[in-house]
Amino acid sequence: LNTLRALRGIGGIFIFFAMWEAVVRSGLAQYDYLPAPSAIIAGLPALLSDREVTTETMHTVGATLLGWGIAVMIGLTLGALLGVSKLVRDYSLTTVELLRPIPAVALVPVGLLLFGFSLQTELLVIVIPSIWPVLVNTMQGVMMVSARLRDVADSLRLSPFDTVIKVLIPAAAPAVLVGLRLSLTTALVLAIVVEMIGNPQGIGYAVVREAQALQPEAMFAYVLLTGVLGILLNSALIGLSKVLLPGEFASSGARGRR
Amino acid sequence: MKQRAFSPSAVLLWAKGSLPFAIFLLIWQLFASPDSSQLPPPSSWLLSLSLMAHNSALGSAIAATTSILVISLMLASVVGFILGLLIGMSAAMRDWFSLLLEYFRAVPPPVLIPVIVLMLGYSNFMKVVVVAFAGLWPVLLNTVSGVSKISPSIFDMARSLHFSRFEIVRKIVIPGVVPSLLLGIRVALPHAIIITLVVEMFTGAAGIGGLMMAAERNFNAPAVFALLMLVGCLGLALTALFSVMERLIVWRWSSSVQR
Numbered sequence: 009l010n011t012l013r014a015l016r017g018i019g020g021i022f023i024f025f026a027m028w029e030a031v032v033r034s035g036l037a038q039y040d041y042l043p044a045p046s047a048i049i050a051g052l053p054a055l056l057s058d059r060e061v062t063t064e065t066m067h068t069v070g071a072t073l074l075g076w077g078i079a080v081m082i083g084l085t086l087g088a089l090l091g092v093s094k095l096v097r098d099y100s101l102t103t104v105e106l107l108r109p110i111p112a113v114a115l116v117p118v119g120l121l122l123f124g125f126s127l128q129t130e131l132l133v134i135v136i137p138s139i140w141p142v143l144v145n146t147m148q149g150v151m152m153v154s155a156r157l158r159d160v161a162d163s164l165r166l167s168p169f170d171t172v173i174k175v176l177i178p179a180a181a182p183a184v185l186v187g188l189r190l191s192l193t194t195a196l197v198l199a200i201v202v203e204m205i206g207n208p209q210g211i212g213y214a215v216v217r218e219a220q221a222l223q224p225e226a227m228f229a230y231v232l233l234t235g236v237l238g239i240l241l242n243s244a245l246i247g248l249s250k251v252l253l254p255g256e257f258a259s260s261g262a263r264g265r266r
Numbered sequence: 059m060k061q062r063a064f065s066p067s068a069v070l071l072w073a074k075g076s077l078p079f080a081i082f083l084l085i086w087q088l089f090a091s092p093d094s095s096q097l098p099p100p101s102s103w104l105l106s107l108s109l110m111a112h113n114s115a116l117g118s119a120i121a122a123t124t125s126i127l128v129i130s131l132m133l134a135s136v137v138g139f140i141l142g143l144l145i146g147m148s149a150a151m152r153d154w155f156s157l158l159l160e161y162f163r164a165v166p167p168p169v170l171i172p173v174i175v176l177m178l179g180y181s182n183f184m185k186v187v188v189v190a191f192a193g194l195w196p197v198l199l200n201t202v203s204g205v206s207k208i209s210p211s212i213f214d215m216a217r218s219l220h221f222s223r224f225e226i227v228r229k230i231v232i233p234g235v236v237p238s239l240l241l242g243i244r245v246a247l248p249h250a251i252i253i254t255l256v257v258e259m260f261t262g263a264a265g266i267g268g269l270m271m272a273a274e275r276n277f278n279a280p281a282v283f284a285l286l287m288l289v290g291c292l293g294l295a296l297t298a299l300f301s302v303m304e305r306l307i308v309w310r311w312s313s314s315v316q317r
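Residue numbers (the numbering used here), protein chains in the order written: chain A, 9 to 266; chain B, 59 to 317.
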């Protein structure tokens, strides 16, 4: 039954691209800059033999992972602090709720003002919004660790360090993982946004460049590449979490869906 | 965690919670030099905001941004809901679309801005298409999962009552899916705000995003920070407005048919 579902899924993709091809070939859609999928594929070898695609992909993925890494460290620390202590929560939760809804892209002009066209601008815009999913999910994960588990830790006379390592982290892990995944998606989207309007490098800039050079085939190839990148990054994280937390994974997969 | 709004204790908690932010702004105000070209003090933001409000640029920018946002979000909700119902109603359809939806969800929506600009040119229609496209996926995916969560026994019951297909959709599926639909719109809202701003920044179009980029290009730091605060407030206000609407709709429409 599962192979049938997979086959249907793959079939769906084929049908989509076949319809796209048919619509363009038949002249049903009259857009000068909508290439047929076959034309995009035909342009791929030329694009891939060019060194730039690799460099650009590395730049975008590098900035995404670096910004995400920084955001995760900040988010985990603050989230754990907020989750453990009611005092800290009382004296800062509103601040989190005030800062969180600031749309991330509004930071692009601020970054440009402070750092100009640079990697720092890119990181500023990636890091700040990527903190929130990690922070909020970690906080909630830690808060949801039941009092009974803590009592068990107490009665086993675990040291505070052991309590954190052996009880708190494993129990909060599924929620934290959801935060990590959401935040990785955010980081990739923002890396591309900054590259489009801030730091002219990487895949985001490449899409803009090809659009301005009126190269729709190359432009669509880059657009399709971003989707592949998103899926690869997400599956890499899922794979990693399966290795690190066998058993915990099942409960986190479904909740991460947006 | 939820408290009754506006009770004295809730207000006190709110004030306590915003303390770090207030202290941060206070320190900024005290230690920033008034004519700093990069980190101007908060008081200069307010001054800049009132200046912009006077020459009416601000009002029309806010109007442009919110109107694009609201129209696109409504379009995304309607289209996403209908497509979500169609795909969600049958397990086979869900299978056919599974990988395709998974893939489209992974494409960062802003990357489509140059594509759609190239195809549709610089127009309000283009903006609505881009923003609606970004808001479509959360609505669609949540609608699909909402339909698939409706308990099968309810459908059995409907069949034994000889409901027509139309009646099943109207009386069971739609009320049952409303909570998921609302969740989808709530997720779509911040995405839509972001994409609206990106479009305006990217095309330099009228709106808050365009205003911000212009301020940055003129090295008008107070205006950049003033608009940043404004955009934050706009996000808060829209989210709050939506919560109120959501509560009204759930109270009026929803039924519990989920398993």
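Positions of the beta carbon are idealized from the N, C-alpha and C atoms, including for glycine.
- I266/B and I49/A have their C-alpha atoms roughly 39 Å apart.
- Residue ranges of uninterrupted alpha helix (DSSP H) with 4 or more members, entirely inside the stretch 21 to 99 of chain A and ordered along the chain, are 45 to 57, 59 to 92 and 94 to 98.
- Cα atoms of A71/A and G77/A: separation of roughly 10 Å, rounded to the nearest angstrom.
- For A199/A, the closest of W140/A, T65/A and T85/A by C-alpha to C-alpha distance is T65/A.
- With respect to chain A, the C-beta atom of E274/B has a partner C-beta closer than 7 Å.
- Pairing L90/A with D40/A, the inter-Cα distance amounts to about 54 Å.
- For the stretch 14 to 44 of chain A, the set of residues with a beta-carbon nearer than 7 Å to any beta-carbon of chain B comprises R16, G17, I18, G19, G20, I21, F24, Y39, Y41 and L42, in chain order.
- Annotated as distal: L106/A and F277/B, with beta-carbon spacing of 7 Å or more.
- Per DSSP, reduced to three states, the secondary structure at F125/A is coil, with no helix or strand assignment.
- Considering only L269/B, Q87/B and S94/B, the residue with the shortest C-alpha distance to G117/B is L269/B.
- In this structure, the CA atom of T62/A is about 21 Å from the CA atom of G206/A.
- Within chain A, the residues placing a beta-carbon under 9 Å from that of L158/B are G17, G20, I21, I23 and F24, ordered along the chain.
- The three-state secondary structure of D93/B, taken from DSSP, is coil.
- For V215/A, the closest Cβ of chain B is nearer than 7 Å.
- Taking a beta-carbon distance threshold of 7 Å, A279/B counts as an interface residue toward chain A.
- Boundaries of the alpha helix (DSSP H) around G210/A: G210 to Q220.
- DSSP, reduced to helix, strand and coil, places Q223/A outside both helices and strands of the structure shown, so it counts as coil.
- A residue is called buried once 16 or more other Cβ atoms fall within 10 Å of its Cβ, and Y180/B, having fewer, is exposed.
- Shown here, H112/B sits in a helix according to DSSP, grouped into three states.
- By the neighbour-count criterion, in which 16 or more other beta carbons inside 10 Å mark a residue as buried, K185/B falls on the buried side.
- Taking 9 Å as the Cβ-Cβ cut-off, the stretch 73 to 94 of chain B approaches chain A at A73, K74, G75, S76, L77, P78, F79, A80 and F82, given in chain order.
- The stretch 215 to 224 of chain B and the stretch 190 to 204 of chain B do not touch, with fewer than three beta-carbon pairs separated by less than 8 Å.
- Neighbours of I252/B in chain A, taken as residues at a C-beta separation under 7 Å, are given in chain order as P111, A112 and V113.
- CA-CA distance, L176/A to R97/A, rounds to 18 Å.
- Take the alpha-carbon of Q128/A and the one of A229/A: they are about 28 Å apart.
- Residue contact check for P172/B against chain A: a CB pair falls below 7 Å.
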